[in-house]
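Residue numbers (numbering that gives the first Met the number 0): 0 to 252. For every residue, glycine included, the Cβ atom is placed at its ideal position computed from N, Cα and C. Quick caveat, the model's predicted, so the values are computed rather than measured. Have a look at the structure below, then the notes.
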Amino acid sequence: MNPIFFHVVIAVSSYFSGVLCYLGFLYFYWGQDIGGELGIFLFWTSLAFFLVAYPCYLAVGHLFKKRKGVFYYLTPVALIVLGVVPTFFILSRWGGVRLRDFFSPEAGLFLLFFTGSALMCYFGFSVFEKVGGRRLFLVVSLGILLITGRWLYTDIEQNRPVLHLVPQEFHGTVEIYYGMQGYPAIQKAGGFYVLPISAEGVYKTSSVRPDRGIRYHLVDDKGKKVKELEIGSFEMQDGTDVGAALIERYEVP
């Protein structure tokens with residue numbers, strides 16, 4: 000197998016191992032997802048990993064490869080400790096970094112990120128010279144990429160807002176009826192759930208209310224967005240008396 004290709008696989012799979020550790024801890028321990036911060040997270044962690052962490056991993060791996068005995072087995076420890084360097088790189092984007100910043104929850108998550116990537120790197124470095132272990136590493140790498148990719152896709156989908164398209168000439172109370180039999184389900188366009196409000200300010204659907212944020216847009220006669228609306232509040236009401244599971248209302252000035 001081409002050594003350059005294998006090192007690319009090590010780098011990419013190690014990065015996504017870190018992403019998986021970060022997202023997994025955030026979800027299973029804190030019960031949260033990364034939400035709208037996903038783009039910023041991927042940008043800064045990829046910079047920190049590929050420009051800072053991975054070059055350090057390569058240097059340590061090359062240095063310890065020539066050692067025997069206890070030094071060789073200290074390689075994973077050294078790689079994990081090196082996670083402080085890219086963590087410092089990320090924290091420094093907020094300004095000066097103090098020692099106590101490394102004990103914050105945010106720093107802990109980034110240290111966990113680089114611990115996961117370091118262990119995957121060590122796995123890759125260990126099998127690099129062993130032809131028989133490369134296939135296993137490739138299988139594990141593929142599994143990590145698939146799981147992380149699916150997780151990221153789910154996060155992106157769950158954090159896409161619902162678009163309410165209100166006719167620009169409409170002023171008054173918008174009423175949305177959810178869970179009404181005989182009406183179409185909410186349709187998607189460009190990955191977004193779209194609710195085209197009628198000229199009377201009404202929308203009815205058989206779907207349940209999506210548990211997402213909302214963006215309100217005024218649209219012209221052709222459905223083209225004119226401008227974004229600022230809606231201060233909305234109210235929810237049980238709609239069983241009119242055959243709906245839920246009614247949502249808000250005022251358009």
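Three or more beta-carbon pairs drawn from the stretch 105 to 125 and the stretch 0 to 20 are found closer than 8 Å, and the two stretches are therefore classed as touching. I9 is positioned such that its CB atom lies closer than 7 Å to that of G123. Secondary structure at Y53: helix, using DSSP grouped into helix, strand and coil.
The continuous alpha helix (DSSP H) containing Y26 extends over residues 2 to 27. Bridge partners of H163 according to DSSP: L194, Y215. Contact between G34 and N158 holds, with the beta-carbon distance rounding to 5 Å and staying under 8 Å. For M179, no alpha helix (DSSP H) encloses it, and the DSSP letter there is neither H nor E. Sorting I213, C120, F169 by C-alpha distance to the C-alpha of P75 places C120 at the top. Taking all protein chains in view, the Cβ of I143 is crowded by 16 or more other Cβ atoms within 10 Å, so the residue is classified as buried. In the assembly as shown, D154 is a buried residue. Its beta-carbon has 16 or more other beta-carbons within 10 Å. By the neighbour-count criterion, in which a residue is buried when 16 or more other Cβ atoms sit within 10 angstroms of its Cβ, S13 is buried. Counting along the chain, E105 sits inside the alpha helix (DSSP H) bounded by residues 104 to 127. Residues of the same chain with a CB within less than 6 Å of the CB of F88, apart from the 5 flanking positions on each side, are A47, V51 in chain order. With a cut-off of 8 Å on Cβ pairs, the stretch 133 to 147 is not in contact with the stretch 208 to 218, counting fewer than three such pairs.
One Cα belongs to T172, the other to V84, and the distance between them is close to 55 Å.
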